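From first to last, the protein sequence lines are chains E and S. Using the working numbering, read the first sequence as starting at 117 and increasing by one per residue. Using the working numbering, read the second sequence as starting at 2 and increasing by one per residue. Just so it is clear, CB atoms sit at the ideal spot from N, CA and C, and this is done for glycine as well. All of these numbers come straight from a predicted model, not from anything done at the bench.
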Amino acid sequence: MLLCSNVYKSYHLGERRVAALRGVDLTIDDPGFYAIMGRSGSGKSTLLHLLAALDKPDEGTITLAGQRIDRLSESQATVFRRTQIGIVFQQFNLIPTLTAVENAELPAILSGDEPAKARARAKDLLARLGLAERLDHRPDALSGGEQQRVAIARALHYAPPILLADEPTGNLDSASSQSLWGLLAEIAIERKISIVMVTHEPAAAAHCRSVFVIADGRVKTRIETEGLDESGVAARYQQSVAAS
Amino acid sequence: MRAAWRLAISSLSQRPSRSVLLLLVVALSAALVCGVATAMASVTESLRSRMVGAVGTADLKIVTPASAKPLDDELLAKVRRWPEVRAAEGRLRAAAALRAVRPVWIQKDAVTEPRRDGIGNNASNSSSLPRSDAPSLPRTVRSFAVNVYFESFRPGFDDVHRPVTLAQGRMPLNATEIAVDQTVIDRLRGIESNAARRSGTLSALISGTVPDVEEGRADADQDLGPAVATSPDQARTLQEKYQVAIGQQIEFIPAGKPPIKLTIVGIAPPGVLGGRPRGWMLPDALALATDQAGRYNEIELVLETGANAETVAANRRGEMPDDAVLQSTAKVTSNLEQNLRANQIGLIVASTMAFLSAAFIILTGMTTGVVERQRELAILRCIGAARLQIAASQIFVGLLIGTAGSLLGAPLGIAIASLVIWWFQADFKIELAFPWFGLSVGVIGSIIAGLLGAAFPAWRAARMEPLKALTARADLPKRSSLWKVLAISLLMLLTHYLVVTFANTPNAIFILYVAIALPCMFFGYFLLGVPLTTGVVEVGGRAIARLLGVPATLLQRSIRRTPYRHGFTAGALMAGLALMVAIWTQGSSFARDWLGKMQFPDAFVTGLALSDKSVDKLRSMPEIAGATPLSIVRVETSGNSIGPMRNLKTTFIGFDPDSFFRMMNITWLQGDQALAQKRLNDGDAIIVAREFLASKGLGLGDRVSVRYQSRSSDFEIVGVVTSPGLDVVSNFFDLGDMYVDQAVSAVFGSRKALRDRLLGGNEPPTQLISLSLAPGTEDAKVAADVRAAMMEFGVLDVGTGRTLKNVINGAIGRSLYIVSAIALMSKLVASLGVANLIVAAIEGRRFEFGVLRAVGASRWMVCRLVLAEALVVAISAAVLGTLMGLQGSYGGKRLNSVIAGIDLTLRPQWDAIGIGWLIVIALTLLAAAPAVIALSRQEPRELLAAVKG
């Protein structure tokens, strides 16, 4: 399903050249909820951006749903992001002047789909995410958690095989965060998709099936979390980071 | 594209106040353009209708402009025999005085203001109200006279081919009847209306008290009413009953004959745009009254169906007597159409500048919006919005703003113009005309302004890399880009300077100015606004900060962070001030260096064909020290100066050199008066005014070819003089040949030369008599005495040089105020751009302001910081506007010099500039005020909450 092979990526920061990724190898074969964890500056966001076809690696290959996304042209990448990937960001997810249902149907509008079908699909997704009563509310009338669920509904509009989330609970309180992590885990199972979440919180990772620990631009460890609670995940994570 | 529309609507509704501001910018710009276009079109159509009224609808005309030999019955009979001619009639013109002798019970000065109630003013406004304490009011008998321009009217023919629109009554049907226009009626009632004062003529009515008819005058049978009115009410009623109106008799004053009584049967509305008082009589009656039996000024021909006017004119031209010209009426009106088309070029240029200003404001506003919505746009790109969709959404925003602005602005502009025309209706009879061309310019210009303004933001939004936008940090613009902008702007300004300085032929300078110099100047100053605003804040930032009590560092950094936004806003604001500076500098230079240096005659008398007897009569008056007759003929001149010179329309003013130089006080710039006078008397030389020298490059010793109709003759220039203003007088009173052939500059030669070398031996008519006054004479008294003395000689007008100068100065002054009003409106439009900038600045920095408040800054300090930024923009705009206005004045000076030969010395009008600065600063601060007041009401936690999505 997702295969990163020997991926390198560097960029300029002022006068300096920074090597963000130095030979990342990452494989996800089965659907599920996965986390990428690492310290600040470890390259986890860079990796997520590459997986989202927002950028291209300097070297290496990235295959997603059978397609080499490192070779896509700009316009191909745009369409790919619309239909094959779902993305949820930490903040500024939603268009402020659109209602919840209008935000959720946005990918279909961008594709030029029939409006009625797009609306129906968006409503259905929002209802499943517990927002049936909030369809006509604008983002400023929604809580942080509700806004993120609208963003998830939008991301799932075309039922992509993979959903990428960049610290989606960064602006939420702990209760909302727990709720959101649980929701993502459920979605991954129900829809049989892969959800890859970048996070620095062990509590989030505890909801995931596996955790990829990234350090110094490489995937150092893959932690299988079955049987581990939050503190167990945290401990394994700390060990992994210390060892690197 | 549906997605792009959705995004466009979303973008507009996200910041409704700013969207409305941008909409208003376009709407007001459209209103300005459409309003000016409507006013211009209305004046143009009025001129055109006046022209059509003067020319008529006959197919061909035979005219003898400026020749002493009129057309006659023999020629009329000849053309009637042409098979292609269905009908032909002669037309006679004359100038004469009309007089009304009327009883008056209400005593007041003859000169009063009429009410603004249009045609047929009744007597209640012809004089003041009677003194209410007067028990009885005795009657006096007064006469009021007015100089009138007469045309013959032949019933049947002229009803079709030159109809006169009447407000009351009918056209004359017999020799004792007359039709006149409302101006004549007003004058004969003793009313000197605003129209008369402001029109091209200086006519003042002649008013005097005549002995009561009971003392045995010839018209003792005239009913004058009771000798005393017993009450003010009765006086008013009597005054109204005996007022000049349809059915009443007036007197036609012929030369050397008893007055002719005529009955008024019709009253026409006043002439459009003022103009001379007019009258109409049957041809035979007019001929008899003016001793012109069997003579005509022109003959009009109506052709049979299918005959082509140009072909007939070409075929029959050879059969015309000397100096008679056969031409189609279409050709006659083509000159006017050419002149009127030139006005459209001016409208396009002005509209382009107005809409470019609007486009820049939209560009600044929308680019600010794109920057603010950077993350949102990045998210859209992340979830799959294509670049084209993002770009298209911005273009659609521009399209919506432009279209909505035009729909709002065009009707508003028409409404404003209608209001102005209605307001001046009593003074200038102008009919509202819809300028389809101008409206199209307004509507299309609005839409293009919106699209142009959106183009850069669309490009910027489309090329945004989503990744960079998501992780965007505050980047200060590079210094190198500011230097580049400075270099480009200076290059453009230099281009303007070089073009206007080195283009030295009329065509070249006009075309290069419109196509290259003006756009370069405009864009150059716009771009200069960016580095200049940065410079102003660097140099003056501390002073401004201290003045407003804000930290200088904060002020300077905020301007430096967004120099383009602030700079372009200053650019948009500068245009109005630049226009004002240019107009006032040039206008005052014009008044001082051109009009001020003009040496008008002390006084003058104008007419269609004044006789030698009128000159003798003037010379016999004690107030008149000298009188010299002048002939005005429109010619064409050509000669080699710098390269071949095309034929140019010029006025040839013919005079008697001996009396002319004795009387006129002119300064010789080149040549010697004694030698020149001799050569002028010989008849093979001319003298020219300095404008001729300046614009044509021809001076002492050069030869000029002068052409009149089919005759051409070479003259040597024997002197260059300061302008005696006679060409201005002749243009002012529409003397010389007809049909709006406005001549640029004049040449002066003897009447002998005119007669022998250009008019084929025919004596040139006298249209102007220049007078020198005896010392100690008063202008007003002289004018009244001369008018009274000339009553029987068919004069059109009498005036003094001083009065004429005052009238022209007044016209220049009014023009300056009208243009200043347009400049003010332009500033108002631009101030909306300032408002948009301030709102955007506040919205984009709410968190920053929240932090300032949180660390202890008062709400007023934060507000003053925003006002300080506005003040920096205002000062930058004022500097830009002043510089652009002065550079524009230089361009105007060069245009005047090369095209019209008028050399101006530019002296900036610092008082007008100062007022302009104050207006710019005041408008800017006022525009910022609402947003600043709203900011002052927000608490720190509200401002800090802005960081959340």
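For the pair R163 (chain S) and T58 (chain S), the Cα-to-Cα distance works out to about 6 Å.
Remark: C-beta atoms of V719 (chain S) and A677 (chain S) approach each other more closely than 8 Å. Counting along the chain, V863 (chain S) sits inside the alpha helix (DSSP H) bounded by residues 860 to 896. Rounded to the nearest whole angstrom, the C-alpha separation of L433 (chain S) and S43 (chain S) is 5 Å. G91 (chain S) is a Cβ neighbour of L72 (chain S), given a cutoff of 8 Å. In the DSSP assignment, Q240 (chain S) falls within the unbroken alpha helix (DSSP H) covering 233 to 242. If you look at Q328 (chain S), you'll find it in the beta strand (DSSP E) that goes 326 to 329.
Contact between L769 (chain S) and L701 (chain S) does not hold, since the beta-carbon distance rounds to 26 Å and is not under 8 Å.
Beta-bridge analysis with DSSP links L302 (chain S) to S:L61, S:A89. Distance from the CA of L166 (chain E) to the CA of H273 (chain E), rounded to the nearest whole angstrom, comes to 21 Å.
Using a Cβ distance threshold of 8 Å, G802 (chain S) and P532 (chain S) do not count as a contacting pair. Counting the other Cβ atoms within 10 Å of the Cβ of P139 (chain S) gives fewer than 16, which makes it exposed. In the three-state reduction of the DSSP assignment, M2 (chain S) falls in the coil class, being assigned neither a helical nor a strand state. Taking CB atoms only, A842 (chain S) has no neighbour in chain E less than 8 Å away. Residue state for N505 (chain S) is assigned as coil, using DSSP reduced to three classes. Within chain E, no C-beta atom comes nearer than 8 Å to that of G851 (chain S); the closest sits roughly 17 Å away.
Between V398 (chain S) and A9 (chain S) a beta carbon distance of about 5 Å is seen, short of the 8 Å cut, so the two are scored as contacting. Proximity of the region 25 to 45 of chain S to the region 410 to 420 of chain S meets the contact definition, three or more beta-carbon pairs being nearer than 8 Å. Judged by beta-carbon spacing, R100 (chain S) lies beyond the 8 Å limit of I300 (chain S), meaning their Cβ atoms are not closer than that value. Between the region 279 to 289 of chain E and the region 162 to 176 of chain E, the count of C-beta pairs closer than 8 Å reaches three or more; the two stretches touch.
For D171 (chain E), the residues of chain S that pass the 8 Å Cβ criterion are L468, in the order they occur in the chain. The C-beta of K242 (chain S) has fewer than 16 other C-beta atoms within 10 Å across all chains shown, which makes the residue exposed.
Here DSSP, grouped into helix, strand and coil, assigns N807 (chain S) to helix. In this structure, the alpha-carbon of S937 (chain S) lies about 13 Å from that of L853 (chain S). Per DSSP, the beta bridge partners of Y124 (chain E) are E:R138, E:E175. The Cβ-Cβ distance between A319 (chain E) and E346 (chain E) falls below 8 Å. Leaving aside the five residues that flank S11 (chain S) on each side, none in its chain has a CB nearer than 7 Å to its CB.
For S290 (chain E), not one C-beta of chain S is nearer than 8 Å to its own C-beta. Contacts with chain E (Cβ-Cβ distance below 7 Å) from the region 384 to 400 of chain S involve I384, G385, A386, A387, Q390, listed in chain order.
Rounded to the nearest whole angstrom, the CA to CA distance from S481 (chain S) to L866 (chain S) is 27 Å. When C-beta distances to chain S are compared with 9 Å, the residues of the region 216 to 232 of chain E below that value are E218, L222, P223, I225, L226, S227, G228, P231, in chain order. With respect to chain E, the C-beta atom of Q15 (chain S) has a partner C-beta closer than 8 Å. Along the region 281 to 314 of chain E, going in chain order, the ones with a CB nearer than 8 Å to a CB of chain S are N287.
For A168 (chain E), the residues of chain S that pass the 8 Å Cβ criterion are C383, in the order they occur in the chain. Residues of chain E with a Cβ closer than 8 Å to the Cβ of I402 (chain S) do not exist, since the nearest Cβ in that chain sits about 17 Å away. Residue pairing by DSSP puts G202 (chain E) in a beta bridge opposite E:L279.
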